[in-house]
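Everything on this sheet refers to the single structure shown next.
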Amino acid sequence: MATSEKGILNRLYVVAACMFIFAVGVGVKLLDIQFVEGDYYRNLAEERTVRSFKIPASRGNLYDVNGNLLATSVPKYDIRFDAVTVSDKNFQENIVPLSNNLTEMFGKSAAYWSQRLRQARANGQRYLPIAQNLGYSEYMKVKSFPMFNLGAYRGGIIVEQRTVREHPLGKMGERTVGYERQDENGYFTRVGLEGAFSSYLRGTDGRRLKQKIAKGQWKPISDNNEVEPKDGYDVISTIDVNIQDIAHHALLKQLEYFEADHGTVVVMETKTGEIKAMSNLGRTEAGTYFEKRNYAVYESSEPGSTFKLMAMTAALEDNVIDTSSVIDTENGVVRYYGRPVRDSRRGGYGKISAARAFEVSSNTAFTKIITEGYKNNPSKFVDRLYDMGLNSKIGLDIKGEGSPRIPHPKDKNWNGLSLPWMAFGYGVSLTPLQTLNFYNAIANNGEMVKPRFIKEVKEWDKSILKVEREVMNPRICSPETAKKLQNMMQHTVERGTAANIYTPNFSMAGKTGTCQVEYWIEPGRYISSFAGYFPAENPKYSCIVIIHKPNKRKGYYGNIVAAPVFKQIAQKIYTDTPVMDILPSLDIKNDKVVEDFEAYYASFENEKLIMPDVTGMPAMDAVSLLENLGLKVNFNGTGRVRAQSISAGQKIKTNQQVNLNIS
Numbered sequence: 003m004a005t006s007e008k009g010i011l012n013r014l015y016v017v018a019a020c021m022f023i024f025a026v027g028v029g030v031k032l033l034d035i036q037f038v039e040g041d042y043y044r045n046l047a048e049e050r051t052v053r054s055f056k057i058p059a060s061r062g063n064l065y066d067v068n069g070n071l072l073a074t075s076v077p078k079y080d081i082r083f084d085a086v087t088v089s090d091k092n093f094q095e096n097i098v099p100l101s102n103n104l105t106e107m108f109g110k111s112a113a114y115w116s117q118r119l120r121q122a123r124a125n126g127q128r129y130l131p132i133a134q135n136l137g138y139s140e141y142m143k144v145k146s147f148p149m150f151n152l153g154a155y156r157g158g159i160i161v162e163q164r165t166v167r168e169h170p171l172g173k174m175g176e177r178t179v180g181y182e183r184q185d186e187n188g189y190f191t192r193v194g195l196e197g198a199f200s201s202y203l204r205g206t207d208g209r210r211l212k213q214k215i216a217k218g219q220w221k222p223i224s225d226n227n228e229v230e231p232k233d234g235y236d237v238i239s240t241i242d243v244n245i246q247d248i249a250h251h252a253l254l255k256q257l258e259y260f261e262a263d264h265g266t267v268v269v270m271e272t273k274t275g276e277i278k279a280m281s282n283l284g285r286t287e288a289g290t291y292f293e294k295r296n297y298a299v300y301e302s303s304e305p306g307s308t309f310k311l312m313a314m315t316a317a318l319e320d321n322v323i324d325t326s327s328v329i330d331t332e333n334g335v336v337r338y339y340g341r342p343v344r345d346s347r348r349g350g351y352g353k354i355s356a357a358r359a360f361e362v363s364s365n366t367a368f369t370k371i372i373t374e375g376y377k378n379n380p381s382k383f384v385d386r387l388y389d390m391g392l393n394s395k396i397g398l399d400i401k402g403e404g405s406p407r408i409p410h411p412k413d414k415n416w417n418g419l420s421l422p423w424m425a426f427g428y429g430v431s432l433t434p435l436q437t438l439n440f441y442n443a444i445a446n447n448g449e450m451v452k453p454r455f456i457k458e459v460k461e462w463d464k465s466i467l468k469v470e471r472e473v474m475n476p477r478i479c480s481p482e483t484a485k486k487l488q489n490m491m492q493h494t495v496e497r498g499t500a501a502n503i504y505t506p507n508f509s510m511a512g513k514t515g516t517c518q519v520e521y522w523i524e525p526g527r528y529i530s531s532f533a534g535y536f537p538a539e540n541p542k543y544s545c546i547v548i549i550h551k552p553n554k555r556k557g558y559y560g561n562i563v564a565a566p567v568f569k570q571i572a573q574k575i576y577t578d579t580p581v582m583d584i585l586p587s588l589d590i591k592n593d594k595v596v597e598d599f600e601a602y603y604a605s606f607e608n609e610k611l612i613m614p615d616v617t618g619m620p621a622m623d624a625v626s627l628l629e630n631l632g633l634k635v636n637f638n639g640t641g642r643v644r645a646q647s648i649s650a651g652q653k654i655k656t657n658q659q660v661n662l663n664i665s
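Counting from 3, one number per residue, gives the positions in the sequence shown under the numbering used here.
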């Protein structure tokens with residue numbers, strides 16, 4: 003018995019000891035939780051019920067040079083209802099007028115809204131959807147409705163704000179305007195102007211406290227933010243929407259006709275380097291075109307005959323030739339190490355001057371000029387190209403600039419064909435914008451200015467940053483050389499390879515280019531190009547047009563495929579063809595054209611003009627044209643003009659109204 007009692011007592015002692023140790027452990031843990039790790043657990047509990055959410059800042063607006071919106075942030079609001087937090091008194095007093103207001107604004111019957119709200123309250127629903135994607139004025143109106151005007155707790159209104167980025171131009175200039183996107187891993191993709199200047203546009207995010215009301219559902223604790231977001235700055239770009247529209251439609255029309263793979267157009271203001279338009283269009287499988295990639299910035303390819311300007315610049319600067327030097331093109335074929343170089347004209351051009359060789363784009367003449375001029379020292383030719391900056395990137399703000407390639411005799415892959423092939427643009431590569439930058443420098447008498455995309459960064463009316471004109475190279479060549487090159491480019495349009503776009507009504511200067519591409523895959527793939535500026539005597543704009551892989555059955559030479567786009571852009575910027583057709587003929591004397599178009603047109607400002615035919619034209623083109631004639635234009639919709647209230651050919655007066663039917 004005693005032994006049994008002793009054993010029982012021992013067991014009791016063991017149990018008691020264990021309970022004591024357990025109690026001590028619990029006490030120690032409680033003390034640890036309360037005092038040592040108390041802050042951690044309190045924060046954890048609060049995080050599970052109350053959390054600070056990020057409120058994205060509203061991005062600044064992106065404008066064109068005339069104040070037209072290219073990109074803007076629009077707030078959108080979603081409204082929900084917490085049926086639990088509202089008192090019975092407030093609910094019963096306000097449900098009928100609230101239902102009536104909801105009916106008035108969103109439709110459906112008052113009975114529908116009343117039943118929906120009562121059922122949500124009966125079920126204890128705390129996140130009932132009321133409306134989505136409301137604009138600010140709509141949101142403010144809903145917020146003033148009975149019951150909702152009592153606020154988040156007393157009225158049960160839950161407001162969630164989002165910011166949506168909208169681009170008024172739509173698909174036109176999409177890659178130029180660009181975007182900034184963040185993936186699920188936090189990595190950013192930045193494209194175009196939106197990406198390049200995102201540090202200004204982005205702003206500073208705010209914070210807002212929310213309380214967890216259900217699984218995955220959070221309700222703002224109050225109507226006020228913990229930290230208010232700070233909007234981004236506004237950026238004023240150099241893009242001109244009107245010129246962008248002209249460039250876009252001129253390029254699109256040509257791509258569609260020639261069934262080309264893709265193409266690009268860049269228009270730059272000559273003196274300042276401001277990019278006024280940049281259009282990049284690629285072909286889809288369905289045969290349509292859209293802004294696929296920024297070819298103007300990233301795509302580095304062989305320039306073909308447009309590179310002859312660079313070769314001629316080097317030859318003139320190094321005095322290996324003069325414009326009057328005579329070159330024998332022989333029979334239109336010369337050979338180097340058994341490989342032929344051919345002229346596009348069978349039989350060649352005979353004996354011609356170097357200037358004429360440029361105008362007719364003779365490959366044989368240029369290979370002779372460069373090979374014979376630099377055969378003993380090819381490094382001199384390449385070093386001259388390097389001195390002119392052709393081997394370096396421009397350093398654009400827009401990301402993804404392609405790398406130029408100008409081979410050097412020190413390179414391992416340099417061979418006997420490198421020098422003669424470089425003379426007419428093979429074996430080298432440049433992006434469209436890099437090529438245009440050089441042509442623009444020649445138009446500027448040798449001064450190379452850096453292409454730029456923005457003019458100013460502003461916070462409301464306060465200027466944060468002004469981007470000034472930047473000179474990359476004050477003199478890539480002598481003024482004398484630049485003048486000779488300018489004359490050759492003007493003559494190229496007047497009597498050379500681009501004579502098909504010549505018009506006595508305004509002057510242009512430039513150079514055609516035709517280059518085989520992917521010839522290692524199959525023959526017959528071409529790049530057609532034209533680079534130049536206008537007017538020729540006092541350049542205002544420089545422009546490059548490059549079209550890849552046109553249907554060769556329809557045409558592939560640069561003067562046929564690319565040059566007409568250049569002409570159309572110049573024509574619309576300065577003259578608008580329908581207007582030009584109705585004006586008296588320009589007074590041409592001694593082969594000189596009128597230089598001051600604005601003064602010329604102003605002299606006819608008060609005269610009666612003839613209504614042009616704008617049917618079939620894009621709406622933006624038609625409106626711009628008719629408003630320039632002094633008409634008041636009334637139209638609705640977007641697309642092309644189907645009909646006009648004033649028939650083509652009728653006389654029109656200033657301030658006369660015309661109605662357009664837009665498809």
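Every residue gets a Cβ at the ideal spot worked out from N, C-alpha and C, and that includes glycine.
Model, not experiment: these values are computed from the prediction.
Between Tyr376 and Asn442, what straight-line distance do the alpha-carbon atoms span, to the nearest angstrom?
Walking along the sequence shown from the start, residue 376 turns up at place 374. Walking along the sequence shown from the start, residue 442 turns up at place 440. Going from the Cα of Tyr376 to the Cα of Asn442 covers about 26 Å.
Cβ separation of Glu196 and Val76, assumed to be a contact under 8 Å, to the nearest whole Å
By 1-based counting over the sequence shown, the position of residue 196 is 194. By 1-based counting over the sequence shown, the position of residue 76 is 74. In fact, because the Cβ distance is near 15 Å, the residues do not count as touching under 8 Å.
Cβ-based neighbour list, Phe599, same chain, cut-off 6 Å, excluding 5 preceding and 5 following
The count along the sequence shown starts at 1 and reaches residue 599 at position 597. Caution applies to Phe599, whose pLDDT of 34 falls short of 50 and renders its modelled position unreliable; the value that the coordinates give is listed next. Hits under 6 Å: Tyr576.
Are there three or more Cβ pairs, one per stretch, closer than 8 Å when the segment 485 to 497 is compared with the segment 278 to 288?
no
Kindly list the residues whose CB is nearer than 7 Å to the CB of Ala359, restricted to its own chain and excluding five residues on each side of it in sequence; keep chain order.
If you number the sequence shown from 1, residue 359 lands on position 357. The residues are Ile329, Ala367, Phe368.
For Phe108, which of Asn135, Ile371, Arg454, Val336 has the nearest alpha-carbon?
Counted from its first residue, the sequence shown places residue 108 at position 106. Closest option to Phe108, Cα to Cα, is Asn135.
Assuming Pro481 and Asn447 are in contact, meaning their beta carbons sit under 8 Å apart, how far apart are those beta carbons, in whole angstroms?
If you number the sequence shown from 1, residue 481 lands on position 479. If you number the sequence shown from 1, residue 447 lands on position 445. Contact holds; Cβ gap of about 5 Å.
Among Asn415, Lys452, Leu392, which residue has its Cα nearest to the Cα of Thr433?
For the purposes of this step, residue 433 is taken as the residue at position 431 of the sequence shown. It is Leu392.
What's the C-alpha gap between Glu261 and Pro525?
Sequence index remark: in the sequence shown, residue 261 carries index 259 (1-based). Sequence index remark: in the sequence shown, residue 525 carries index 523 (1-based). Their backbone Cα atoms lie some 17 Å apart in a straight line.
For Val67, which residues in the same chain have their Cβ closer than 8 Å to its Cβ, ignoring the five residues on either side in sequence?
On the sequence shown, residue 67 is found 65 positions in, with the first residue counted as 1. For Val67, where only same-chain residues beyond five positions count, the Cβ hits under 8 Å are Ile238, Ser239, Thr240, Ile241, Asp242, Glu276, Lys278, Lys457.
What separation, rounded to the nearest whole angstrom, lies between the Cα atoms of Tyr300 and Pro409?
The sequence position of residue 300 within the sequence shown is 298, counting from 1. The sequence position of residue 409 within the sequence shown is 407, counting from 1. Using only the alpha carbons, I get a separation of about 19 Å.
Just reading off the beta strand (DSSP E) that Asn103 is part of, what are its end residues?
Counting from 1 along the sequence shown, the entry for residue 103 is found at position 101. Run containing Asn103: none in the beta strand (DSSP E); it sits in the alpha helix (DSSP H), 90 to 108.
Would Thr325 pass as a contact of Ala356 if the rule is Cβ separation under 7 Å?
Here residue 325 refers to the residue found at position 323 when the sequence shown is read from its first residue. Here residue 356 refers to the residue found at position 354 when the sequence shown is read from its first residue. Closer than 7 Å, so yes.
Ordered along the chain, which non-local residues of its own chain (more than five positions away) have a Cβ less than 6 Å from that of Gly205?
On the sequence shown, position 203 is the one that residue 205 refers to. Within the same chain, Gly205 has close Cβ partners Ala59, Lys232, Asp233, Gly234.
Measuring only the C-alpha atoms, how far is Ile466 from Gly69?
The sequence position of residue 466 within the sequence shown is 464, counting from 1. The sequence position of residue 69 within the sequence shown is 67, counting from 1. Approximately 17 Å, taken between the alpha carbons.
Leaving out five residues before and five after Thr516 in sequence, what residues of the same chain have Cβ atoms less than 7 Å from its Cβ?
Against the sequence shown, residue 516 aligns to sequence position 514. Excluding sequence neighbours, Thr516 sits near Gly306, Ser307, Tyr528, Ser530, Tyr558, Tyr559, Gly560.
In chain order, what residues of the same chain lie with their CB nearer than 6 Å to the CB of Asp236, ignoring the 5 residues before and after it?
Looking up residue 236 in the sequence shown gives position 234. Closer than 6 Å at the Cβ level, and outside the excluded window around Asp236, lie Gly62, Asn63, Lys460.
Nearest by alpha-carbon distance to Lys91: which of Arg128, Gly157, Gln117, Asn125 is it?
If you number the sequence shown from 1, residue 91 lands on position 89. Nearest of Arg128, Gly157, Gln117, Asn125 to Lys91, Cα basis: Gly157.
Would the beta-carbon of Tyr543 fall within 7 Å of that of Val269?
On the sequence shown, position 541 is the one that residue 543 refers to. On the sequence shown, position 267 is the one that residue 269 refers to. Yes, they are a contact pair.
DSSP beta-bridge partners for Gln518?
Stepping through the sequence shown from its first residue, residue 518 is reached at position 516. Answer by DSSP bridge pairing, in chain order: Tyr528.
Minimum length 4: unbroken alpha helix (DSSP H) runs contained in the segment 271 to 328:
297 to 300, 310 to 319
Rounded straight-line distance, which links the Cα of Met390 to that of Leu253:
Position 251 of the sequence shown holds residue 253. Position 388 of the sequence shown holds residue 390. Looking at the two C-alpha atoms, the distance is approximately 30 Å.
Just the C-alpha distance for Gln652 and Asn636, rounded to the nearest angstrom, thanks.
Within the sequence shown, numbered from 1, the residue matching residue 652 stands at position 650. Within the sequence shown, numbered from 1, the residue matching residue 636 stands at position 634. Near 18 Å, if we compare the C-alpha coordinates of Asn636 and Gln652.
Under the three-state reduction of DSSP, which class applies to Ile400: helix, strand or coil?
Start at 1 with the first residue of the sequence shown, and residue 400 comes out as number 398. Residue state, collapsed to three classes: coil.
Roughly how many angstroms separate the alpha carbons of Met682 and Gly265, rounded to a whole number?
The displayed coordinates of the chain run from 3 to 665. Any statement about residue 682 would go beyond what the structure contains.
Taking the straight line between their C-alpha atoms, what separation do you get for Arg471 and Lys452?
What you label residue 471 is simply residue 469 of the sequence shown in a count that begins at 1. What you label residue 452 is simply residue 450 of the sequence shown in a count that begins at 1. Spanning the two alpha carbons is a distance of roughly 7 Å.
So, Glu319 versus Thr437, is the Cβ gap smaller than 7 Å?
Position 317 of the sequence shown holds residue 319. Position 435 of the sequence shown holds residue 437. No, the Cβ-Cβ distance between Glu319 and Thr437 is not below 7 Å.
Check Tyr439 in the structure and name its three-state DSSP category.
One-based indexing of the sequence shown puts residue 439 at position 437. One point to set straight first is that residue 439 is Asn, not Tyr, in the sequence displayed. The answer is helix: DSSP assigns Asn439 an H, G or I state.
Inter-residue spacing [alpha-carbon to alpha-carbon] between Asn540 and Lys273
Residue numbering aside, residue 540 sits at position 538 when the sequence shown is read from its first letter. Residue numbering aside, residue 273 sits at position 271 when the sequence shown is read from its first letter. Roughly 10 Å separates the two Cα atoms.
Where the beta strand (DSSP E) containing Glu182 begins and where it ends:
To locate residue 182, count along the sequence shown from 1; it is residue 180. It spans 181 to 184 - the beta strand (DSSP E) in which Glu182 sits, taken as one unbroken run.
Rounded C-alpha distance that separates Ile160 from Lys110:
In the sequence shown, counting from the first residue as 1, residue 160 sits at position 158. In the sequence shown, counting from the first residue as 1, residue 110 sits at position 108. Whole-angstrom Cα-Cα distance: 21 Å.
For Ser239, the three-state DSSP class (helix, strand or coil):
Position 237 of the sequence shown, counted from the first residue, corresponds to residue 239. If DSSP states are grouped into helix, strand and coil, Ser239 belongs with the strands.
With H, G and I counted as helix, E and B as strand and the rest as coil, what does DSSP make of Asp413?
Here residue 413 corresponds to residue number 411 of the sequence shown, with the count starting at 1. If DSSP states are grouped into helix, strand and coil, Asp413 belongs with coil.
Closer than 6 Å: is that where the CB of Asn663 sits relative to any heavy atom of the ligand MG?
Of ligands this structure carries none, so the ligand MG is not represented either.
Nearest-angstrom Cα distance between Lys2 and Ala511?
No answer is possible for residue 2: it lies beyond the span of the chain, which begins at 3 and ends at 665.
Identify the residues that DSSP records as bridge partners of His264: which are they?
In the sequence shown, counting from the first residue as 1, residue 264 sits at position 262. Note: His264 sits in a beta bridge opposite Gly284, His550.
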